[in-house]
Amino acid sequence: MSRILIVDDDEAIAWALSRALAGPGRETVSVASAEEALERARRISFNLVFLDIRLPGQDGLAVLQALRSLTGGAPVVVMTGHGTLQTAVRAVEEGSFDYLSKPFDLDVALACAERALARQPCSEPRRQSAAVSDAPDLTGSSAGMQEVFKRVALATASAATVLVTGESGTGKELVARAIHRHGPRAAEPFVPVHVAALNPGVLESELFGHERGAFTSATQSSPGLLSLAGKGTIFLDEVAEIPPSAQVKLLRVLEQGTWNPVGSAREQRLEARVVAATHQNLERLCAEGRFREDLFFRLNVFGIHLPPLRERKEDICALATDIVSRLDPRCLPMAAETLAALEARAWAGNIRELRNALEHAAILARGGPILPAHLPPPSRRETPPPDELREAIGRWLDDAIGREDDPRDLWERFTGIAEPAIIDDVLRRTGGNRLKAAQWLGINRSTLRRKISDGGEAG
Numbered sequence: 001m002s003r004i005l006i007v008d009d010d011e012a013i014a015w016a017l018s019r020a021l022a023g024p025g026r027e028t029v030s031v032a033s034a035e036e037a038l039e040r041a042r043r044i045s046f047n048l049v050f051l052d053i054r055l056p057g058q059d060g061l062a063v064l065q066a067l068r069s070l071t072g073g074a075p076v077v078v079m080t081g082h083g084t085l086q087t088a089v090r091a092v093e094e095g096s097f098d099y100l101s102k103p104f105d106l107d108v109a110l111a112c113a114e115r116a117l118a119r120q121p122c123s124e125p126r127r128q129s130a131a132v133s134d135a136p137d138l139t140g141s142s143a144g145m146q147e148v149f150k151r152v153a154l155a156t157a158s159a160a161t162v163l164v165t166g167e168s169g170t171g172k173e174l175v176a177r178a179i180h181r182h183g184p185r186a187a188e189p190f191v192p193v194h195v196a197a198l199n200p201g202v203l204e205s206e207l208f209g210h211e212r213g214a215f216t217s218a219t220q221s222s223p224g225l226l227s228l229a230g231k232g233t234i235f236l237d238e239v240a241e242i243p244p245s246a247q248v249k250l251l252r253v254l255e256q257g258t259w260n261p262v263g264s265a266r267e268q269r270l271e272a273r274v275v276a277a278t279h280q281n282l283e284r285l286c287a288e289g290r291f292r293e294d295l296f297f298r299l300n301v302f303g304i305h306l307p308p309l310r311e312r313k314e315d316i317c318a319l320a321t322d323i324v325s326r327l328d329p330r331c332l333p334m335a336a337e338t339l340a341a342l343e344a345r346a347w348a349g350n351i352r353e354l355r356n357a358l359e360h361a362a363i364l365a366r367g368g369p370i371l372p373a374h375l376p377p378p379s380r381r382e383t384p385p386p387d388e389l390r391e392a393i394g395r396w397l398d399d400a401i402g403r404e405d406d407p408r409d410l411w412e413r414f415t416g417i418a419e420p421a422i423i424d425d426v427l428r429r430t431g432g433n434r435l436k437a438a439q440w441l442g443i444n445r446s447t448l449r450r451k452i453s454d455g456g457e458a459g
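All residue numbers for the sequence shown refer to the numbering used here, where the first residue is 1 and numbers rise by one.
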């Protein structure tokens with residue numbers, strides 16, 4: 001018989017969880033405080049613990065190790081409705097088996113319990129050697145960010161290669177820095193490599209190093225960024241931009257842990273952890289032959305996807321407050337209508353655009369409250385980002401091709417859908433002004449008039 005201890009002061013959650021987890025070969029015991037949990041664990045043997053973080057008296061994390069000790073190393077599943085990255089990292093450090101963000105499906109909790117009970121007790125928790133710094137960190141309470149926090153915390157406990165994906169401006173480098181800062185390599189170098197900013201002709205020598213005389217301008221040897229990272233972390237930002245020749249060498253680094261500097265027969269060994277990031281769809285690039293599929297698999301050992309800001313609007317107020325507090329030590333206050341205005345925007349440029357808007361507003365506010373009038377005009381890029389548009393077109397093609405084996409009019413069908421939609425939307429945005437609409441579309445007015453006539457648009 002497996003006994004499961006549920007520690008949660010929310011009676012409804014404790015009752016529902018108890019009902020879901022109880023069953024053949026499993027019984028549950030529910031308590032409402034950390035102190036009561038410790039008292040029960042001293043008297044009764046438990047095989048699994050579900051532990052809420054926010055409890056009256058001591059918080060859950062404060063007693064996590066004590067519970068593991070009293071239960072002989074039984075797995076502990078941490079639950080929280082108010083998680084932060086610090087919380088997730090600390091839960092992993094203290095030896096938690098898993099981390100569930102409320103609200104969660106009871107089926108998820110049951111599957112977690114079955115996994116925990118099927119395995120041997122966890123090993124002793126890893127202790128972090130370096131203190132966590134107060135550098136800028138990830139912020140958010142949305143479900144999407146709770147999943148990010150969990151995956152970052154799990155990544156810190158591993159040496160696996162990580163691929164961070166997400167639109168431009170979502171904070172992919174922040175994720176890479178968080179993995180480095182909260183892990184055992186925190187005291188070692190963090191070396192960011194912005195691949196898109198490097199000339200493809202010099203990328204190989206910058207990344208892998210070169211010997212003196214390896215090429216015309218190589219007047220002295222260079223160790224390369226992989227070597228400079230030492231035992232720390234190398235962050236390959238916009239990894240999709242790596243040219244084919246460098247992709248081959250990077251694949252060897254990830255598969256064998258070795259490489260040769262340009263013009264050298266001397267083999268170098270990788271000691272750093274690799275974290276890569278991209279805003280592009282690497283799977284689609286692989287299908288198009290523009291990125292090596294084997295390299296994609298080696299990079300994507302553990303993936304972390306950052307949601308765009310428009311999908312986590314509940315985080316905007318907290319993000320804005322955090323950004324403003326870092327901009328000015330006086331912590332400029334923001335009016336309620338300003339926060340509402342921020343939440344109403346699309347933020348096509350994500351957190352980068354939000355930060356720029358608040359920097360602009362803080363200058364105009366001059367130490368006073370930030371008002372909606374201080375914000376710059378919204379970004380004009382309201383259309384879906386290119387990758388999302390490509391994916392939408394790809395889904396349309398999948399459907400169109402799936403309906404017939406050998407279509408012959410895909411272009412005509414696509415433009416027949418896309419062209420009227422663009423014209424209608426631009427006309428709406430210009431208030432029906434055809435001259436302005438033609439200018440926006442980059443076509444002359446007579447062409448627009450003909451297209452409207454052909455499409456039956458009233459204009």
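Ideal Cβ placement from N, Cα and C applies to all residues, glycine included.
Since the structure is predicted, the reported quantities are computational estimates derived from the model, not experimental observations.
Practice task
From the DSSP output, in three-state form, read off glutamine 268 for me.
Solution key: In the structure shown, glutamine 268 sits in a strand (DSSP, three-state: E or B).
Buried or exposed for serine 205, going by 16 or more other Cβ atoms inside 10 Å? With a threshold of 16 other beta carbon atoms within 10 Å, serine 205 meets it and is buried.
With a Cβ-Cβ cutoff of 7 Å, do valine 31 and arginine 19 count as a contact? In this structure, valine 31 sits away from arginine 19, with a CB-CB distance that is not shorter than 7 Å.
Helix, strand or coil, according to DSSP, for proline 121 in the structure here? Low local confidence applies: a pLDDT of 42 at proline 121 is under 50, so the model's placement there is unreliable, and no value is given.
task = Report yes or no: do three or more beta-carbon pairs, one from the segment 288-308 and one from the segment 193-200, lie closer than 8 Å?
result = Under the 8 Å Cβ criterion, the segment 288-308 does not count as touching the segment 193-200, having fewer than three qualifying pairs.
(request) Under 8 Å by Cβ, that's how I've got alanine 341 and leucine 285 pegged, so tell me the actual separation to the nearest angstrom. (result) Incorrect: roughly 37 Å between the Cβ atoms, too far for contact.
Taking all protein chains shown into account, do 16 or more other C-beta atoms lie within 10 angstroms of the C-beta of lysine 172, making it buried, or fewer, making it exposed? That one is buried.
Cβ contact check for the segment 173-180 and the segment 278-294: 3 or more pairs under 8 Å
Output reads no: the segment 278-294 does not touch the segment 173-180.
task = Indicate whether leucine 207 and leucine 225 have their beta-carbon atoms separated by less than 7 Å.
result = With a cutoff of 7 Å on beta-carbon distance, leucine 207 and leucine 225 are scored as near each other.
Give the secondary structure of isoleucine 44 by DSSP, where H, G and I count as helix, E and B as strand, and everything else as coil. It is coil, neither helix nor strand.
Task: Entirely enclosed alpha helix (DSSP H) segments - the segment 143-167, minimum 4 residues - done: Listed in chain order, the alpha helix (DSSP H) elements of length 4 or more contained wholly in the segment 143-167 are 143-156.
Item to complete: Pick helix, strand or coil for histidine 360, following the three-state DSSP scheme.
Response: Three-state DSSP puts histidine 360 in a helix.
Q: Please list the segments of the beta strand (DSSP E) lying wholly inside the segment 188-266, counting only runs of 3 or more residues, in order along the chain.
A: With a minimum length of 3 residues, the continuous beta strand (DSSP E) runs that stay inside the segment 188-266 are 190-194 and 233-237.
Roughly how many angstroms separate the alpha carbons of glutamine 249 and leucine 270, rounded to a whole number?
Strictly speaking, residue 249 in this sequence is lysine, with glutamine absent from that position. Lysine 249 and leucine 270 have their C-alpha atoms some 12 Å from each other.
May I ask you to report which of helix, strand or coil DSSP gives serine 129?
-> Because the pLDDT at serine 129 is just 34, under 50, the model does not fix this residue reliably, and the value given afterwards should be weighed accordingly. Three-state result, serine 129: coil.
- Task: Just mark proline 45 as buried or exposed, buried being the case when its beta carbon has 16 or more other beta carbons within 10 Å.
- Result: Here the sequence assigns serine to residue 45, which means proline is not the residue at that position. That one is exposed.
Item checked: Rounded separation between arginine 252 and glycine 83 - CA only -> Cα to Cα, arginine 252 sits roughly 38 Å from glycine 83.
In this structure, does DSSP put glutamate 382 in helix, strand or coil?
Per-residue confidence for glutamate 382 stands at a pLDDT of 49, beneath the threshold of 50, marking its modelled position as unreliable; the derived number appears in the next sentence. Three-state DSSP puts glutamate 382 in coil, outside helix and strand.
Determine the contact status of phenylalanine 104 and alanine 116, defining contact as a CB-CB distance below 7 Å. No; because the gap between Cβ atoms is not below 7 Å, this pair is not in contact.
_Suppose you measure from the CA of leucine 309 to the CA of glutamate 238; what does that come to, to the nearest Å?_
One Cα belongs to leucine 309, the other to glutamate 238, and the distance between them is close to 19 Å.
For this session: Measure the beta-carbon distance from arginine 185 to lysine 150 and round it to whole angstroms, keeping in mind my assumption that it falls under 8 Å.
Result: Contact doesn't hold; Cβ gap of about 20 Å is too wide.
Selected residue, minimal CA-CA separation from isoleucine 423, among Gly402, Arg445, Glu404 and Arg403 | The candidate whose alpha carbon is nearest that of isoleucine 423 is Arg445.
* To do: Can you give me the start and stop residues for the alpha helix (DSSP H) that alanine 22 sits inside?
  => Neither: alanine 22 is in no alpha helix (DSSP H) and is coded neither H nor E.
Could you name the residues that DSSP lists as bridge partners for leucine 174?
-> The partner list for leucine 174 (beta bridge, DSSP) is empty, contrary to what the question assumes.
Point to revise | Local Cβ density within 10 Å of arginine 266, reported as buried at 16 or more and exposed below that | key: Counting Cβ neighbours within 10 Å, arginine 266 comes out exposed, since fewer than 16 surround it.
Original post:
With aspartate 9 and methionine 79 assumed to form a contact (beta carbons below 8 Å), what rounded beta-carbon distance in angstroms separates them?
Top reply: Going by Cβ atoms, the distance from aspartate 9 to methionine 79 rounds to 11 Å, so no, they are not a contact pair.
Distance between phenylalanine 296 and proline 261 (C-alpha atoms, nearest Å): For the pair proline 261 and phenylalanine 296, the Cα-to-Cα distance works out to about 23 Å.
field: leucine 55 and alanine 34 closer than 7 Å at C-beta
entry: In this structure, alanine 34 lies closer than 7 Å to leucine 55 by Cβ.
*Tell me whether glycine 95 is buried or exposed, calling it buried when 16 or more other Cβ atoms sit within 10 Å of its Cβ.*
With 16 or more other Cβ atoms inside 10 Å of its own Cβ, glycine 95 counts as buried.
Q) Anyone know if the C-beta pair for arginine 273 and glycine 144 falls short of 7 Å? A) 7 Å or more divides the Cβ of arginine 273 from the Cβ of glycine 144.
Let's see if you can read the secondary structure: which residues bound the alpha helix (DSSP H) around phenylalanine 414?
For phenylalanine 414, the enclosing alpha helix (DSSP H) stretches over residues 410-429.
Exercise. Rounded C-beta distance between isoleucine 242 and leucine 203? I'm assuming under 8 Å.
Worked result: Taking the Cβ atoms as the reference, isoleucine 242 lies roughly 7 Å from leucine 203, within the contact range of under 8 Å.
Query raised in the report: Assuming threonine 165 and threonine 278 make a contact with CB atoms under 8 Å, what is their CB distance in whole Å?
Result: Going by Cβ atoms, the distance from threonine 165 to threonine 278 rounds to 6 Å, so yes, they are a contact pair.
Note to self: Within a Cβ cutoff of 7 Å, which residues of the same chain sit near valine 426, ignoring the five residues on either side of it in sequence?
What the structure shows: Contacts found: Ala437, Trp440 and Leu441.
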